[in-house]
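As structure tokens, the structure follows; a few thoughts come after it.
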Amino acid sequence: MQYEQIHRRSIEEPEAFWAEEARAIHWHRPPRQILDYSNPPFRRWFVGGQTNLCYNAVDRHLQERPDQLALVVVSTETGTTREITYRQLYREVNAFAAVLRQLDVGRGDRVVIYMPNMAEAVFAMLACARIGAVHSVVFGGFAAHNLALRIDDARPKLLIAADAGMRGGKVIPYKPMVDAACAEASSPPPKVLIVSRGLDAGMARVPGRDEDYAVLRGQVGDAEVPVEWLESNEPSYLLYTSGTTGKPKGVQRDVGGYAVAMAQSMRTVFDCAPGQVMFSTSDVGWAVGHSYNVYGPLIGGCTSLLYEGLPTNPDPGIWWALCEQYGVRTMFSSPTAIRVLKKHDVDFIHRHDLSDLKYLFLAGEPLDEPTAQWIGNALRKPVIDNYWQTETGWPALTLLPGLDMKPVKFGSPGFPNLGYRMKVIDEQTGAEVAPGQKGVLVIQPPLPPGCMSTVWNDDERFLKSYFGHFDELLYSSLDWAIRDEEGYTFILGRTDDVINVAGHRLGTREIEEAVSNHPRVAEAAVIGVHDELKGQVPLVFVTLKQAAAAEEVPALSAEMVRQVTASLGAVARPAHVHIVNALPKTRSGKLLRRSLQALAERRDPGDLSTLDDPGALEEIRRALGI
Ligand code: ATP
Ligand code: MG
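Count the sequence shown with this note's numbering and you get residues 926 to 1551, in order.
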């Protein structure tokens, strides 16, 4: 059936539509009511239904596919590969759940998981889901302070941590960060469970608090732990947003709605059927990792590939080698990762047999045209831009190859996903703008199943952050967008990233695209800075593919300024183009424009806890003469 028809039905008759979709998962008790929207903008899906994410991801497949691979974990850091069938996954998850029970973790208790992409991270998540504990995975690359912030917000009964992660062959011990975070936190967890890979031989243990997973695992043996049936709207997990625009928000997800969204999107968006293989290069600590490394593929009865390591180790062909070896059908990655690969010979792709690979999905940040073109030409497969947020938990704008594949348009993540009623509205009047006009991208609630229920412990912040900007009943994505005549939506950047030059509103993204088209530019960041005359003017920071000689710099900068005015007009003329070695980014690879802007305006750069490389900001300071 046509996308338009199904999408219309999904938003005009949401209850009928989602009642049918809900059949894709197992319900211990069927829902009494499909949608309760009596307290807008809060909504509850599948009210009264009882289900369990772990049961749907694991137990349910034991009959039909016990010996199929459920999870493949490849680490080019430790040089190991683990292939885990559904039967083995069932055993490992039950054992982990038994250990959690021994540590007195139960329904509704929070568990913080601080681990890299390793099999036990997945076992731990599913074990929590099995017993109704609420997991909150904290990205392993975060330092002690970030971990402490999340501990204090989630107040976990248990923290599960790896002994160490590895990056580029270097061991990064986690335990010192765990200890520092527990010391900093005002409500540290009473127990810490360490999953050791033997990477940190001298690891210190706190008696009475620290437990060793291997020891407890040995004690529980092949224990089976019954599934805890949860009401559809109980919390399943918390996941904090990247913190690009401020203090991270604890996105709270439900059980039933999420399971249904996962089952549906595996089919309609990712076109990945039971028995087929999905490879997401994300870290389990991100939204993509939760949805498409763990819950989506496993609920879908697929094989999920999890990867620990750099995309360039042992060589830049490693991901394609894995696609060939495991017959990956659907691959999911980020523009940042592809930009890394783009610096290398395309032959690293061509030397592999990628006949099983059908699609590459990219999400998380704007997909610039040079990157999309490069990877599209190299793979000769559709490259599908995906727009979503930690809050939505699954794609909000996408193409749906599993349903009705529309042509790819560069620069656009496509159309509203099923169940998403989206509009582009004028920020002043709140009225829907005409095609081709810029506005704010909003979702008209009720938010579809799978999206956040609220901000953990803070309904007020949920309402204040996302609603009430224009109209109490519109969820603001806080992103600018344009919809064209054919209904394709283009994302122009964050609403706090707009530059107002003498009354003209310019998205930072459009200017970044214009600069990025310069052949020497690797990446660009654009911010608006105060200007007496015009209100604001764009200021550009770029990194180059290959370093420039000092004497080349003035001419290069001037060329880039011309490049912008040539494509966007004189109004977009940058005040200056600074050439730097690195741009300040969050751990998830997103540009920290707000900090750049604050520095340029000589203000405090704000919360830098998610900054990846402090050196990058130092260099910006020098470039600005601070
Ligand atoms: P915080 O909300 O804490 O500031 P964040 O918004 O960076 O952090 P995420 O939820 O990880 O945290 O990112 C979602 C945002 O990423 C979107 O709102 C959008 O700005 C950007 N984004 C995601 N996918 C795309 C895409 N395909 N094209 C353009 N931008 C995208
Ligand atoms: Mg956000």
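C-beta: ideal position from N, C-alpha, C; glycine also.
1. Below 8 Å, is the gap between the Cβ of Ser899 and the nearest heavy atom of the ligand MG?
2. Apply the 10 Å Cβ neighbour rule to Pro1479 and answer buried if 16 or more other Cβ atoms are within range, or exposed otherwise.
3. In terms of alpha-carbon separation, which member of Leu1292, Pro1295, Met1256 lies closest to Arg1280?
4. With distances taken Cα to Cα, identify the nearest neighbour of Leu1549 among Arg1528, Ala1472, Asp1532.
5. Count the other C-beta atoms from every protein chain shown that fall within 10 angstroms of the C-beta of Arg1434, then say buried if there are 16 or more, exposed otherwise.
6. Report the CB separation of Val1024 from Val1063 in whole angstroms; it is logged as a contact under 8 Å.
7. May I ask whether a heavy atom of the ligand MG can be found less than 8 Å away from the beta carbon of Glu1316?
8. Go ahead and label Gln958 buried or exposed: buried means 16 or more other beta carbons lie within 10 angstroms of its beta carbon, across all protein chains shown.
9. Thr1166: beta carbon under 8 Å from a heavy atom of the ligand MG?
10. In whole angstroms, what separates the C-alpha of Ala1079 from that of Asp1240?
11. Quick one: is the Cβ of Ala1212 within less than 8 Å of any heavy atom of the ligand ATP?
12. Tell me the residue span of the alpha helix (DSSP H) that contains Val1014.
13. Do you know how far the Cα of Trp943 is from the Cα of Lys1348?
14. Work out the CA separation of Ile1551 and Gly1210 for me, nearest whole Å.
15. How would you call Thr1354, buried or exposed, if buried means at least 16 neighbouring beta carbons within 10 angstroms?
16. Pull up the DSSP beta-bridge partners for Arg954, would you.
17. Per DSSP, what kind of secondary structure is Ser1000 in: helix, strand or coil?
18. In whole angstroms, what separates the C-alpha of Gly915 from that of Arg1007?
19. Going by the beta-carbon positions, is the gap between Gln975 and Leu1155 smaller than 9 Å?
20. Any chance you could list the alpha helix (DSSP H) runs of at least 4 consecutive residues sitting entirely within the stretch 1403-1458, in chain order?
21. Does the Cβ of Asn1506 have 16 or more other Cβ atoms within 10 Å, making it buried, or fewer, making it exposed?
22. Quick check on DSSP: helix, strand or coil for Ile1076?
23. Can you determine whether any heavy atom of the ligand ATP sits closer than 8 Å to the C-beta of Asn977, and answer yes or no?
24. If you draw a straight line from the alpha carbon of Thr1166 to that of Asn1382, how long is it in whole angstroms?
25. With DSSP run on the structure shown, which of helix, strand or coil describes Ile959?
26. Taking 8 Å as the cut-off, is the CB of Ala1359 close to at least one heavy atom of the ligand ATP?
27. Quick test of your reading: Ser1157 and Gly1127, contact by CB under 8 Å. State the CB separation rounded to the nearest angstrom.
28. Compute every distance between the C-beta of Leu1163 and the non-hydrogen atoms of the ligand MG, then say whether any falls below 8 Å.
29. Is the CB-CB distance between Gln1189 and Arg1254 below 9 Å?
30. Need the endpoints of the alpha helix (DSSP H) that Gln1488 sits in, please.
31. Determine the DSSP secondary structure at Gly1181, reduced to helix, strand or coil.
32. Leaving out the 5 sequence neighbours to the left and right, which residues in its chain are closer than 6 Å to Ser1534 when beta-carbon positions are compared?
33. Kindly list the residues whose CB is nearer than 6 Å to the CB of Leu1431, restricted to its own chain and excluding five residues on each side of it in sequence; keep chain order.
34. Kindly list the residues whose CB is nearer than 7 Å to the CB of Glu946, restricted to its own chain and excluding five residues on each side of it in sequence; keep chain order.
35. Any heavy atom of the ligand MG within a distance shorter than 8 Å of the CB on Leu1403?
36. Beta-carbon within less than 6 Å of Ala1022's beta-carbon, same chain only, minus the 5 sequence neighbours each way: which residues are those?
Taking the coordinates as given:
1. A query on residue 899 cannot be resolved here, the shown segment of the chain reaching from 926 to 1551 and no further.
2. Counting Cβ neighbours within 10 Å, Pro1479 comes out exposed, since fewer than 16 surround it.
3. Looking at the sequence provided, one finds Ser at residue 1280 rather than Arg. Residue Met1256 is the option with its Cα nearest to Ser1280.
4. Arg1528
5. buried
6. Actually they do not touch by this definition, with Cβ atoms about 20 Å apart.
7. yes
8. exposed
9. It does: the Cβ of Thr1166 is within 8 Å (strictly closer) of some heavy atom of the ligand MG.
10. Just so you know, the alpha carbons of Ala1079 and Asp1240 end up roughly 39 Å apart.
11. True, at least one ligand heavy atom lies under 8 Å from that Cβ.
12. According to the sequence as given, residue 1014 is Leu; it is not Val. 1011-1027 is the span of the alpha helix (DSSP H), which, as asked, contains Leu1014.
13. CA-to-CA, the gap between Lys1348 and Trp943 works out to about 21 Å.
14. 35 Å
15. exposed
16. Gln975
17. strand
18. Past the edges of the chain, shown from 926 to 1551, lies residue 915, and the structure says nothing about it.
19. yes
20. 1433-1441
21. exposed
22. helix
23. no
24. 15 Å
25. strand
26. Not so, every heavy atom of the ligand ATP lies at least 8 Å from the Cβ.
27. With 8 Å as the limit, Ser1157 and Gly1127 do not qualify as a contact, their Cβ atoms being about 46 Å apart.
28. no
29. no
30. 1478-1493
31. helix
32. His1070, Asn1071
33. So the list reads Ile1424, Ala1497, once near-sequence residues are dropped.
34. Val1185, Gln1189
35. Checking the Cβ of Leu1403 against the ligand MG gives yes.
36. Cβ neighbours of Ala1022 beyond the five flanking positions: Ala1052, Arg1055, Ile1056, Val1150.
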